[in-house]
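This report refers to the structure that appears directly beneath it.
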Amino acid sequence: MSNSYAFLIFCFIMNLVSAQEIICSAEDKNIFNSKIAELKHLTSSENKTGKNIVIVGKSFLNVPYVANTLEVGTTESLVVNLQGLDCTTFVENVLAFSLLLKNETKDIDSYTQLLEKIRYRDGKLSGYSSRLHYFSDWITNNEKKGLLRDITSEIGGQEINKEINFMSTHRDLYRFLKDNDQNFEGIKISETQLNQEKLCFLPQDRIKDNEHLIRSGDIIALTTSIKGLDITHTGIATRESNGRIHLLHASTSGKVVVSKLPLVDYLKKIKNNTGIMIARAISK
């Protein structure tokens, strides 16, 4: 076999592998194209980054909430699902579309590359444990990538003193974890690394006094008292016409919505909530 022929076969196999790693239906591609066409007329390079993020986020209003949207197939793949969102994939897609529009790239290949960069440790899909399952880890790793900044400590946050190990201590709850020792060991390593990071949260009883420091477009993550767990929910801050910060999020009640109550009051109704973490997308 000639070297050139062998190289062609190698390229074909690698392209096939890459294609298998991305799950994106024809309908999702159509939604992507329609949304890009819509958003390029609504967003502007003259807008502040936060304003564009809220515009992108509100373009998803009423999209159904669907749990476990990434648990597809038999191995970890880059899943594109714009037809149904959970709270994390909502935030990921809002950030990805906002970055696309800021960079003036509007093709789906650039979008999937951004989604991989945002969703996986150091921007590279390398199995189940490379996904940033814990949202505090998601914030920390995306800060290292230069995509956002954890501003919690700047607006009155205090350090969290808590061991994060919910996934490894509740193995049976996770489809790709309960019967896969390799994934299990990978998650334990991720937890060990996460527990070495210094994390801050803004306690629930201090949010009202610091609400004026939260901007529209900030990413809000809800901290919890549940043992071994860092974050239970996430969304986007939006300052509404009443002057108060509300939460734009994929709600477990059924769809993407803006919370009827201001964030401060919304949190008081959530069992086990202790406060929030706040991350801000980097504008340049």
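Just so you know, we're using this note's numbering here: the sequence shown kicks off at 1105 and counts up by one.
Just so it is clear, CB atoms sit at the ideal spot from N, CA and C, and this is done for glycine as well.
Member of Phe1164, Val1184, Asp1190 whose CA lies at the smallest distance from the CA of Ala1171:
Closest by alpha carbon: Asp1190.
CA-CA distance, Ser1230 and Ile1374?
Rounded to whole angstroms, the separation of the alpha carbons of Ile1374 and Ser1230 is 35 Å.
Which residue comes first and which comes last in the alpha helix (DSSP H) that contains His1316?
No alpha helix (DSSP H) contains His1316, which DSSP labels as neither H nor E.
Once you ignore the five residues that flank Pro1366 on each side, which residues in its own chain have a CB closer than 7 Å to its CB?
These residues qualify, in order along the chain: Arg1348, Ile1349, His1350.
Quickly, what does DSSP pair Gly1339 with across the bridge? List them, please.
Note: Gly1339 sits in a beta bridge opposite Ile1324.
Residues in its own chain within less than 8 Å of Arg1279 by CB, not counting five upstream and five downstream?
Excluding residues within five positions, the ones whose Cβ falls inside 8 Å are Asn1172, Glu1175.
Is it buried or exposed, Asp1322, if we count other Cβ atoms within 10 angstroms and call 16 or more buried?
Classification for Asp1322: buried.
Along the chain, where does the beta strand (DSSP E) containing Phe1305 start, and where does it finish?
According to the DSSP assignment, Phe1305 belongs to the beta strand (DSSP E) that extends over 1304 to 1307.
Determine the burial state of Asn1137: buried for a count of at least 16 other Cβ atoms within 10 Å of its Cβ, exposed for fewer.
Exposure of Asn1137 is indicated by the presence of fewer than 16 other C-beta atoms within 10 angstroms of its C-beta.
Could you tell me the distance, in whole angstroms, from the CA atom of Tyr1215 to the CA atom of Lys1248?
C-alpha separation (whole angstroms): 20 Å.
When you compare the CB positions of Ile1264 and Leu1204, do they come within less than 7 Å of one another, or not?
In this structure, Leu1204 does not lie closer than 7 Å to Ile1264 by Cβ.
Residue interval of the beta strand (DSSP E) (run including Ile1222)
Here Ile1222 belongs to no beta strand (DSSP E); instead the alpha helix (DSSP H) covers 1212 to 1223.
From which residue to which residue does the alpha helix (DSSP H) around Ile1382 run?
Under the DSSP assignment, Ile1382 falls outside any alpha helix (DSSP H), being part of the beta strand (DSSP E) whose first and last residues are 1377 to 1385.
Is there contact between the region 1305 to 1314 and the region 1155 to 1167, where contact requires at least three CB pairs shorter than 8 Å?
Taking 8 Å as the limit for Cβ pairs, the verdict is that the region 1155 to 1167 does not touch the region 1305 to 1314.
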